[in-house]
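Trainee:
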Amino acid sequence: MDNDSIDQIIDTHRAEPSALIQILLDIQAERRWLPREALERVSERLEVPMTRIMHIATFYKAFSLVPKGRHEIHICVGTACHVRGAERVLDSVEDLTGIQPGETDLDLKFSLETVNCLGCCALGPVMEIDGKPHGKMAPAKIADVLETYA
Amino acid sequence: MPKNSEDTSTSEYPSLGKIMSRIGSPAELEELRKGLQAERDPAKPRITLCGGSACLATGSKEVAAGMEAELEAQGLSAQVDLRKTGCRGFCERGPVVVTHPDESCYLQVEPGDAPEIVAQSVNGHTAIDRLLYTDPGTEERIQRESDIPFYKHQVRRVFGSNGSIDPKSIEDYLALGGYSALEKALFRMTSDEVVEEVKKSKLRGRGGGGFPTGRKWEESRNAPGEAKYVIVNADEGDPGAYMDRSLLEGNPHLILEGLAIGAYAVGAREGYIYVRQEYPLAVENVILAIKKAEEYGFLGTDILGSGFDFTVTVHQGAGAFVCGESSALMTALEGRVGEPRPKYIHTAVKGVWDQPSVLNNVETWANVPLIINEGAEWFGEFGTEGSKGTKIFSLVGKITNTGLVEVPMGMTLEDIIFKIGGGIPGGKKFKAVQTGGPSGGCIPEALLGLEVGFDELTEAGSMMGSGGMIVMDEDTCMVDVARYFLAFLADESCGKCAPCREGTGQMLKILTDITEGRGREGHLELLEELSEVAREASLCALGKSAPNPFLSTLRYFRDEYEVHILEKRCPARSCKELIAYHIDPALCRGCMQCMKQCPADAIDGGRNRIHVVDQEACTKCGTCFEVCPARYDAVRKTSGEPIPPPVSEEQRIIVRKSKET
Amino acid sequence: MSATLLQIDGKQVEAQEGMTLLEAAQGAGIRIPTLCHHEGLEPYGGCRICMVEIEKRGWSKLVAACVYPVEGDVVVRTRSEKIDLIRKTILELLLAHAPDSPGLLSLAREYGADKDRFEAQASFCVHCGLCVRYCSEIKKANAVGFLDRGKRREIAFIPEIAAAECWSCMECFALCPTSALQAAYVWVNALVPSLPHVEAGSER
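Chains as they are written, first to last, in this note's numbering: chain A, -1 to 148; chain B, 6 to 666; chain C, 289 to 492.
(1) How many Å lie between Pro33 of chain A and Leu304 of chain B at the Cα?
(2) Would you say His69 of chain A lies against chain C (beta-carbon separation less than 7 Å)?
(3) Under 7 Å between C-beta atoms, does Glu461 of chain B make it to chain A?
(4) Which class does Ile648 of chain B belong to by DSSP, given the choice of helix, strand or coil?
(5) Are the Cβ atoms of Gly1 of chain B and Thr405 of chain B separated by less than 7 Å?
(6) If the cut is a Cβ gap below 8 Å, which residues of chain A does Met477 of chain B touch?
(7) Can you find at least 3 beta carbon pairs, one from the segment 105 to 120 of chain A and one from the segment 89 to 104 of chain B, that sit closer than 8 Å?
(8) Smallest Cα separation from Arg68 of chain A: which of A:Ser109, A:Leu88, A:Val75 and A:Glu126?
(9) How close, in whole Å, do the beta carbons of Cys454 of chain C and Ala431 of chain C come, if the pair is a contact with beta carbons under 8 Å?
(10) Starting from Lys393 of chain B, trace the alpha helix (DSSP H) both ways and give me its first and last residue.
(11) Could you pull the DSSP bridge partners for Asp86 of chain B from this structure?
(12) For a cutoff of 7 Å on Cβ pairs, would you count Thr308 of chain C as touching chain B?
(13) What runs of the beta strand (DSSP E), each 3 residues or longer, lie entirely inside the segment 529 to 600 of chain B?
(14) Can you tell me the Cα-Cα spacing of Pro484 of chain C and Glu28 of chain A, whole angstroms?
(15) For Thr102 of chain A, return the contacting residues in chain C, with the cut-off set at a CB-CB distance below 8 Å.
(16) Does Lys59 of chain A come within less than 7 Å of chain B when only Cβ atoms are used?
(17) CA-CA distance, Asp388 of chain C and Phe326 of chain B?
(18) In or out: Leu334 of chain B buried (at least 16 other Cβ within 10 Å) or exposed?
(19) Check each candidate in C:Glu305, C:Ala452, C:Lys428 and C:Val355 and name the one with the smallest Cα separation from His326 of chain C.
(20) Determine whether the Cβ of Arg367 of chain C lies closer than 7 Å to any Cβ atom of chain B.
(21) Buried or exposed: Gln656 of chain B, going by 16 or more other Cβ atoms within 10 Å of its Cβ?
(22) The beta strand (DSSP E) that contains Asp9 of chain A, what's its start and end?
(23) If I follow the unbroken alpha helix (DSSP H) through Arg421 of chain C, where does it start and stop?
(24) Strictly below 9 Å CB to CB, what residues from chain C border Leu81 of chain B?
(25) Taking C-beta pairs closer than 7 Å, name the residues in chain C that Thr56 of chain A reaches, listed in chain order.
(26) With H, G and I counted as helix, E and B as strand and the rest as coil, what does DSSP make of Arg162 of chain B?
(27) Using the rule of at least 16 other Cβ atoms within 10 Å of the residue's Cβ for burial, across every protein chain shown, is Ile21 of chain A buried or exposed?
(28) Got a sec: is the Cβ-Cβ distance from Thr466 of chain C to anything in chain B below 7 Å?
(29) Give me, in chain order, the residues of the same chain whose beta-carbon lies closer than 6 Å to that of Ala450 of chain C; leave out the 5 immediate sequence neighbours on both sides.
(30) So, do the segment 29 to 37 of chain B and the segment 102 to 118 of chain B have three or more beta carbon pairs nearer to each other than 8 Å?
(31) Thinking C-alpha only, which one of B:Arg211, B:Ala337 and B:Lys434 is nearest Tyr277 of chain B?
(32) Looking at Pro257 of chain B: is its Cβ nearer than 7 Å to the Cβ of Val235 of chain B?
(33) Does DSSP classify Asp333 of chain C as helix, strand or coil?
(34) Does the beta-carbon distance from Pro552 of chain B to Phe493 of chain B come in below 7 Å?
(35) Please check the pair Ala472 of chain C and Ala452 of chain C, which I expect to be a contact at CB under 8 Å, by giving their CB distance rounded to whole angstroms.
(36) Please name the residue in A:Asp142, A:Asp2 and A:Asp24 whose C-alpha comes closest to that of Ala55 of chain A.
Next comes the structure, spelled out in structure tokens:
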């Protein structure tokens, strides 16, 4: 476990307890998950109890306590996409990938999440993969899109 | 925090590439502004290209690259300005390009259009017809942006400058008069006078609560405390609402200026901008804007030589809707879990670290520089008695012109949806418009004449909220809408208090039962009882307003609930468990389109055999319904009716006369 | 501290500034039911069973007595049709989790709550937070905390701290109104013997 990069992130935020969420966001961005050892290091240096860190790590959707897949699929289930049929898109993605929102497949290829509004309502229903939005999705189109991801 | 912030200003104005020394006085600011304005010839050809999130998703980055390449190839890079701006609002038709000075507005532009647009901007001013807006009724082509009906009926006081500003540039903002309101406040007004002006304007919070902004500032101003804070709530969580995103991405300096003015008025030295981490471009642009503002001296110590100090820090959210609630947001700023606090002591008096804190929404802050510059009376020129000014709405859902619109308070829902929004696509009938996000409600056709305003919407059983306006048509099931919002709130509930945590869970379960055909007598009464408990006893506004979507749909669409419960039927034919698809044997011509595209392989048939849907295997995805060619229109969607049994094998054989397909 | 005069259930009550409505009522011998409240801990305001009606200057609202500060010239009612409905429903919702809890059952009898009204829930915990708050505020050990949010919220022990601290303490057990604490502890206890003993600083 490399403590150096974790310490660097903590130092950027001057080890301030109020920056706890910002620190965890940086770790999540760098490692694609929050390893337990990293959290213990944060607890030690910020002098904040593990209970608070664990609550934050599980309360906020941005964090993951297990590694995420290579490709992150976000299905927008905001109201505008919902009335345009986002649920059917989600059902199809679940069928094709075999995972539910919040899960990662066993090959660590895809992670699936629902999100509440990507701000592209004109293109609804939207499926975003690795930050790239695919608009006007429909159950019949999903397989082709997913196949383009290795 | 994002490390790469693109700085494009130096490429456009190389003479400003050197870091300016901090502006130390109003005179210096005036000099700088005049210099910038002199450098910008209004007659010089300019191409503005929308870089808002929706346009980026439809390829505006590629269009930009195409434009740059073409300008380079033609040797025109110095003669023609290319400006990548923030969101212009017409999101349905992006990428949007507007050329100046002719104001020609081009829609759904592709990289391949670049040569023509570049040529047109330097040569004649004959507009490129095929890219112009076409009026759906008269087929007439409209050239100028401001003549397009979508824009014509709007009053874009706050949002309008998005189209002229490169958000990564502070010079654009300054050239348009930016930071003049801050200068006026610091040097020509006392902080009391600033509070008074905002009070006089009757500006009400644009985030949902609609609380009078001036009164909130006054309360903090008068509250005891060694350190005071001003906070921007950019945690825009209502699904379908993205106004704040576009404002923060497209014109970050406007919000910074408003925030600095508020800090001066209240006596704060530190400010926070709490942004959703789901908005990385907004985070990037506001961090860059802060850096530039500090360089020029609009933030930091001794601002413009006034003796006033003010610094701003950006704090990212981590994916929790409840953090948009002001006391939860402040708790999150302290590095804790976003659990709301009891509101008996106003956060304006005891907020972040128990210090007086003024929290306002992005759009509220954006209105402040305008009010200071133009005055409270100017602000009140538009609006109703109780709701002054303009409001930005995100008009989305079953609507022709999806996008962000800014209208005066008091405009009717009908005008917004039909005149600006272009009505319902596909010839469908309007059913309801949902406002106020998960805390709001649905407004039916009978109330389309409602004049938009805080109190008017609340009286109708909904609320203004942050400005989400989701249009629904005859295919939308209102019971499902209630279920959808309860699912959202149950997922986002912080879980601390029993009425919300348990109540939303139980309400969700009952509504799910109703949409899946397990509705029973007594369910509506139970839902009403749980609603009352949640409304009266919840700890925070999330729980208290959680029943609203259910209560408002019950009020206006009670019959739909009853049909679901008593007849196990969905009138809108939307609830999956209550609908079925089958193929009418009289109309099927065996084209095999549905067969090939069915994701569940649930259709049996052949080139000369009438297709039949296997009801056991069917997943109700609706693909067959959508792909059956219009000339056959053979797929039927039904609810609450028995499926006719399939015809016999002999009857399934299609006999074709020769040359007939 | 100055004295404040208010009316609770028709009785004139004198309270000190800074007191909560609950403290004022208790001082005057007026009983308000609570679940998540504890004398030695900061008021929590989570169970909402102590909701009372407060009327001032002509309008009334419901507030949580355990956190609401006393005010002068107000009329407080600790029982009403609405308050009773709220308490009854909350009890029914919580009893779906903990149908055997003696404290909840006795309140249920008083308010006519039906423990079987809602479908039985998988988790015992009623989120009173007493264990978490006690361990944090009094013992300062932070061995147990909350995880997640909404319906998925639950209590959990930090195994390393629990292994070191809880055997000799277990004071929170007496505070738990249901079997939840015992359930969580038993679970962690089952995990703890299987955790390898780790020297500080070594790689896992």
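Beta carbons are placed, not taken as given, at the ideal position from N, Cα and C, and that holds for glycine.
All values reported here derive from a predicted model rather than from experimental measurement.
Mentor: Reading off the structure:
(1) Their Cα atoms are separated by approximately 38 Å.
(2) Chain C contact via Cβ: absent.
(3) No, Glu461 of chain B does not count as interfacial toward chain A.
(4) Ile648 of chain B falls in the coil class under three-state DSSP.
(5) Only positions 6 to 666 of chain B appear in the structure, and residue 1 of chain B is not among them; the question remains open.
(6) What Met477 of chain B touches in chain A: Val81.
(7) In short, these stretches touch, since the Cβ pair count reaches three.
(8) Across the set A:Ser109, A:Leu88, A:Val75 and A:Glu126, the C-alpha of A:Ser109 shows the shortest separation from the C-alpha of Arg68 of chain A.
(9) The beta-carbon distance between Cys454 of chain C and Ala431 of chain C, rounded to whole angstroms, is 6 Å. This is short enough to meet the 8 Å contact definition.
(10) Note, Lys393 of chain B: premise wrong, no alpha helix (DSSP H); not H, not E.
(11) Per DSSP, B:Arg51.
(12) It does not: the Cβ of Thr308 of chain C has no partner Cβ on chain B nearer than 7 Å.
(13) Fully enclosed beta strand (DSSP E) runs of no fewer than 3 residues occupy 584 to 588 of the segment 529 to 600 of chain B, in order along the chain.
(14) Caution applies to Pro484 of chain C, whose pLDDT of 45 falls short of 50 and renders its modelled position unreliable; the value that the coordinates give is listed next. Distance from the CA of Pro484 of chain C to the CA of Glu28 of chain A, rounded to the nearest whole angstrom, comes to 29 Å.
(15) Residues of chain C passing the Cβ test: none, with the nearest at roughly 18 Å.
(16) Yes, its Cβ sits closer than 7 Å to a Cβ of chain B.
(17) C-alpha of Asp388 of chain C to C-alpha of Phe326 of chain B: approximately 35 Å in a straight line.
(18) Buried: at least 16 other Cβ atoms inside 10 Å.
(19) The residue among C:Glu305, C:Ala452, C:Lys428 and C:Val355 with its C-alpha nearest the C-alpha of His326 of chain C is C:Val355.
(20) No, because no Cβ of chain B sits closer than 7 Å to the Cβ of Arg367 of chain C.
(21) That one is exposed.
(22) Here Asp9 of chain A belongs to no beta strand (DSSP E); instead the alpha helix (DSSP H) covers Asn1 to Thr10.
(23) Note, Arg421 of chain C: alpha helix (DSSP H), Leu418 to Arg421.
(24) By Cβ distance, chain C contributes nothing, its closest Cβ being about 55 Å from Leu81 of chain B, past 9 Å.
(25) Near Thr56 of chain A (Cβ distances below 7 Å), the residues of chain C are Leu435 and Asp436.
(26) Looking at Arg162 of chain B - three-state DSSP - the assignment turns out to be coil, as it is neither helix nor strand.
(27) A residue is called buried when at least 16 other Cβ atoms come within 10 angstroms of its Cβ; Ile21 of chain A meets this threshold and is buried.
(28) Using a Cβ-Cβ cut-off of 7 Å, Thr466 of chain C does not count as an interface residue toward chain B, since no Cβ of chain B sits closer than that to its own.
(29) Only Ala431 and Val476 meet the Cβ criterion.
(30) With the cut-off at 8 Å, the segment 29 to 37 of chain B and the segment 102 to 118 of chain B do not touch.
(31) Distance from the Cα of Tyr277 of chain B is smallest, within the candidate group B:Arg211, B:Ala337 and B:Lys434, for B:Ala337.
(32) No.
(33) Per the sequence shown, residue 333 of chain C should be read as Gly rather than Asp. The three-state secondary structure of Gly333 of chain C, taken from DSSP, is coil.
(34) Against a cut-off of 7 Å, the Cβ pair of Phe493 of chain B and Pro552 of chain B comes out as no contact.
(35) Going by Cβ atoms, the distance from Ala472 of chain C to Ala452 of chain C rounds to 17 Å, so no, they are not a contact pair.
(36) Closest by alpha carbon: A:Asp24.
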